[in-house]
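> I'd like to ask you about the structure that follows.
Protein chains: 2
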Amino acid sequence: MSDALRTAASRPATLEDVARVAGVSRSTVSRVINGIRNVDSDIQESVRLAIAATGYVPNSAARSLVTRRAGSIALILSGVTEEIEDEERARNRVLTDPFFGRALSGVIGALRPFGLHPLLMVADTVEARDQVVGHLKQGGADGAILVSTDADDPLPARLVEVGLPAVLFARPVHPIPISYVDLANRDGARLAADHLAARGCRQVAVIGGPTGVPAAEDRLTGFREAMARHGCPYVPCVEGDFTQRGGEAAMERLLAQQPDLDGVFAANDLMAQGAMLALREHGRRIPEDVAVIGFDDSSAALAGRPQLTTVRQPVEAMAAELTRLLLARVEDPSRAVTSVIFEPTLIVRQSA
Amino acid sequence: MSDALRTAASRPATLEDVARVAGVSRSTVSRVINGIRNVDSDIQESVRLAIAATGYVPNSAARSLVTRRAGSIALILSGVTEEIEDEERARNRVLTDPFFGRALSGVIGALRPFGLHPLLMVADTVEARDQVVGHLKQGGADGAILVSTDADDPLPARLVEVGLPAVLFARPVHPIPISYVDLANRDGARLAADHLAARGCRQVAVIGGPTGVPAAEDRLTGFREAMARHGCPYVPCVEGDFTQRGGEAAMERLLAQQPDLDGVFAANDLMAQGAMLALREHGRRIPEDVAVIGFDDSSAALAGRPQLTTVRQPVEAMAAELTRLLLARVEDPSRAVTSVIFEPTLIVRQSA
DNA sequence: ATGAAAGCGCTAACAC
DNA sequence: GTGTTAGCGCTTTCAT
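Just so you know, the protein sequences line up as chains A and H, in that order. Residue numbering for the first sequence follows the numbering used here, beginning at 1 and increasing consecutively. Residue numbering for the second sequence follows the numbering used here, beginning at 1001 and increasing consecutively.
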């Protein structure tokens, strides 16, 4: 074994080592690695051989330093854990939500062709948020995808301010110059209303999401508008928290104040499941006595019986598109912000 | 505004800028940033001021280059997507599994005190696996936490080979020198068996996990051993795939071959839920006719009615411990490998 | 206690 | 086409 190779074996090989073995300069090796043409094919070959012989792998820190690219993007779960009862519980709630899993899947799929991976960050406290912003400012990621769980999340604005490429899953509460993807939530709600009305439901109610969350509010108003067109001027709504237990509790309240109700629209599937549990507890048959429609078409929709009729949100595709939006902005920060809105579809199963 | 400050405002401030403003050398600034004592407190103060004035944040790539630390660790979901029907579907399945969410939560929680974040990687194909290994070899992460979804995963061995600090969630199929955490699966299965036996169940069956997965096999053998001690020499088992649908199908088969069964132990909660669905479809009351016990105590256990009696696995704590094991190894790669085994507990609810 | 200087491994002008 | 050279921003001996 030549001396050059020997040294290369002990400590990780560098460009320099490869260059020496191949008998060329660092630049040339760098060129073939980065696929820049203008390199004689014979030389290319010998460089490849040298790379194989030395077991060379580029050092990403060194590369990042000069290219000013981290080679990763941040996926930030942002939300204010108001009641800091148990930090872990709150984190679990969002991380085990099937919506998050689907979004994550879409992001990973869109990142893969570029050899990028998401850096997962949970910004649920003031400190955590500062930490996240700090990490990003240090160049720890080339951009950020934000999934805000609640309304008054200061993070989007802060990131825009800092000048870091960032995009949002769902429209921001306060208008800021940032790209996002969203669902036509009102249309989705209308789909649900039309279906309920067509079934003959007259006493309908809504289990809504947290106040201030645009998606939740759009679903509510969209539903109310559509029901009004169907001759139902008043549609009561109780607030839920997007969890199954929350849906269950909400349904209880609804049942108490309106025992004769015959249709329920929940702002997500988890709450719809909870609602179905509560309805069954009260001896209501679904959908004969009360029809139930959910939102999302998450795995939760298939988890119980009857299977949930729901408004499908193409979460994976939305997340993938959002990722592409971010990547484009990382490539060219001067690019104008855009938004792309996806259309929901009604998936009719058994609950309505 | 001084000239020094002005330049600092345009391009990101560097150590050099801070040093100039503070009237000291780079080294000194570096020292105060890295909390090294031996720095005069007056100077410390002026450096802090300069940092604030310039808005300086350290550049992580530059730091990584010299410290040889990436400042992130990889969380790898590894598994062979045999039937490459739909890559996204397979990815979704694992990402929306509540088990994954809990593990992720534990990892994030344990990483947080160190200002680290997990880099999420899915290694589900040959190329993806190569890509992941490549990324790690380049120094893209300081270590890796592996969650293998199936038996013959080549990744653990490869990482050990490459010499990258890595740890495993659950014992490896083939013994290799790597640290891991695991659950005393047999003990958990015994808990379930004892409970079923105490209820008077005599015709029990198991819905197992995929063949070859140690955790699944341990649960099965542990259950059988315990039932044998209770005078049940034969316990049939049908193989499931850890999904709810799989559990449903498995229950159907079980019911066909053993209609008089009065107790079922499923290797995870998702399958137990599926089993309950199938049982109800066949008019069996739970737990009166058939008692059902799951495994994990995931959110799925509370998702249906009756609420699931299950063997609790402290996933978050296990993931946190695993993370600490990894961090220790990153700190000192020569440290001996260890394993820590957690004890399960039986959570008695309504299904058994 | 502080500063000077030597890299860490790579890319990208710029020459030839 | 290929090599030379100058950094990227930081940490860290080694002097002082």
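Cβ coordinates follow ideal geometry from the N, Cα and C atoms, glycine included.
(1) Three-state secondary structure (DSSP) at A:D40?
(2) Any C-beta of chain A within less than 8 Å: which residues of the segment 1050–1061 of chain H qualify?
(3) Would you mind telling me which residues of chain H sit closer than 7 Å to A:V122, beta carbon to beta carbon, in chain order?
(4) Using the three-state DSSP reduction, which class does H:E1288 fall into: helix, strand or coil?
(5) Any contact between the segment 99–107 of chain A and the segment 1016–1036 of chain H? By contact I mean 3 or more CB pairs, one from each, below 8 Å.
(6) Identify which residue in H:G1209, H:E1252, H:G1139 and H:G1071 has its Cα closest to the Cα of H:R1284.
(7) Taking the alpha carbon of H:A1090 as the reference point, which residue from H:R1102, H:A1170 and H:L1077 has its own alpha carbon closest?
(8) Do H:F1169 and H:V1133 come within 8 Å of each other at the CB atom, strictly closer than that value?
(9) Indicate whether at least one CB of chain H lies closer than 8 Å to the CB of A:R305.
(10) List the residues of chain A that H:L1119 touches, going by C-beta distances under 9 Å, in chain order.
(11) Quick one: does A:I98 have its CB under 8 Å from some CB of chain H?
(12) If I'm right that H:R1102 touches A:N92 with Cβ under 8 Å, what's the distance once you round it to whole angstroms?
(13) If you draw a straight line from the C-alpha of H:T1323 to the C-alpha of H:E1331, how long is it?
(14) Any chance you could list the beta strand (DSSP E) runs of at least 3 consecutive residues sitting entirely within the segment 1247–1325 of chain H, in chain order?
(15) Does any C-beta atom of chain A lie closer than 8 Å to the C-beta of H:E1088?
(16) Figure out for me which residue from A:L75, A:V47, A:G188 and A:D241 has the closest Cα to the Cα of A:L346.
(17) Going by DSSP, which residues form a beta bridge with A:T345?
(18) According to DSSP, simplified to helix, strand and coil, what is H:A1009?
(19) Looking at the secondary structure, which residues open and close the alpha helix (DSSP H) in which H:S1351 lies?
(20) Take H:Q1258 and list the residues in its own chain whose beta-carbon comes closer than 8 Å to its own, dropping the five residues that flank it on each side.
(21) Just checking: is the beta-carbon of A:E248 within a distance shorter than 8 Å of some beta-carbon in chain H?
(22) By the 10 Å Cβ neighbour count, where 16 or more other Cβ atoms means buried, how is H:I1255 classified, buried or exposed?
(23) Is the segment 1291–1308 of chain H close to the segment 308–319 of chain A, with three or more CB pairs under 8 Å?
(24) Kindly indicate which residue of H:A1249, H:D1086 and H:F1265 has the alpha-carbon position closest to the one of H:P1274.
(25) Of the residues A:I286, A:A319 and A:D40, which one's Cα is nearest the Cα of A:L196?
(26) For the candidate residues H:G1231, H:L1277, H:D1182 and H:A1228, whose alpha-carbon lies nearest to that of H:A1317?
(27) What does DSSP give as the partner residues of H:F1169 in its beta bridges?
(28) Under a Cβ-count criterion, where at least 16 other Cβ atoms within 10 Å of its own Cβ denotes burial, should H:D1297 be classed as buried or exposed?
(29) Name the residue from H:M1227, H:L1159 and H:G1212 whose alpha carbon lies nearest to the alpha carbon of H:A1192.
(30) Give, in chain order, every unbroken run of the beta strand (DSSP E) that is at least 3 residues long and sits entirely within the segment 95–160 of chain A.
(31) Hey, A:A267 and A:G304: beta-carbon distance below 8 Å or not?
(32) Please decide whether A:Q353 counts as near chain H, where near means a Cβ-Cβ distance under 8 Å.
(33) What is the DSSP secondary structure of H:G1240, counted as helix, strand or coil?
(34) Since H:M1271 and H:G1240 should fall inside the 8 Å C-beta cutoff, what is the C-beta to C-beta distance between them, to a whole number of angstroms?
(35) Within 10 angstroms of its Cβ, does A:G294 collect 16 or more other Cβ (buried), or is it exposed?
The structure says:
(1) coil
(2) V1057, P1058, N1059, S1060 and A1061
(3) I1108
(4) coil
(5) no
(6) H:E1252
(7) H:L1077
(8) no
(9) yes
(10) S72, H117, P118, L119 and L120
(11) Before going on, a small fix: residue 98 of chain A reads as Pro here, not Ile. Chain H contact via Cβ: present.
(12) 6 Å
(13) 12 Å
(14) 1263–1266, 1291–1296 and 1309–1312
(15) yes
(16) A:G188
(17) A:R312
(18) With a pLDDT of only 43 at H:A1009, under 50, the local geometry of the prediction cannot be trusted, and the value read off the model is given with reservation. Residue state, collapsed to three classes: helix.
(19) Note, H:S1351: premise wrong, no alpha helix (DSSP H); not H, not E.
(20) Q1203, A1205 and P1236
(21) no
(22) The amino acid occupying residue 1255 of chain H in the given sequence is Leu; Ile does not appear at that position. Counting Cβ neighbours within 10 Å, H:L1255 comes out buried, since at least 16 surround it.
(23) no
(24) Note that residue 1274 of chain H corresponds to Gly in the displayed sequence, not to Pro. If we check each option's Cα against that of H:G1274, H:A1249 comes out closest.
(25) A:I286
(26) H:D1182
(27) H:V1181
(28) buried
(29) H:M1227
(30) 117–123 and 144–148
(31) no
(32) Chain A is shown from 1 up to 352; residue 353 of chain A falls before or after that span and cannot be answered.
(33) coil
(34) 5 Å
(35) buried
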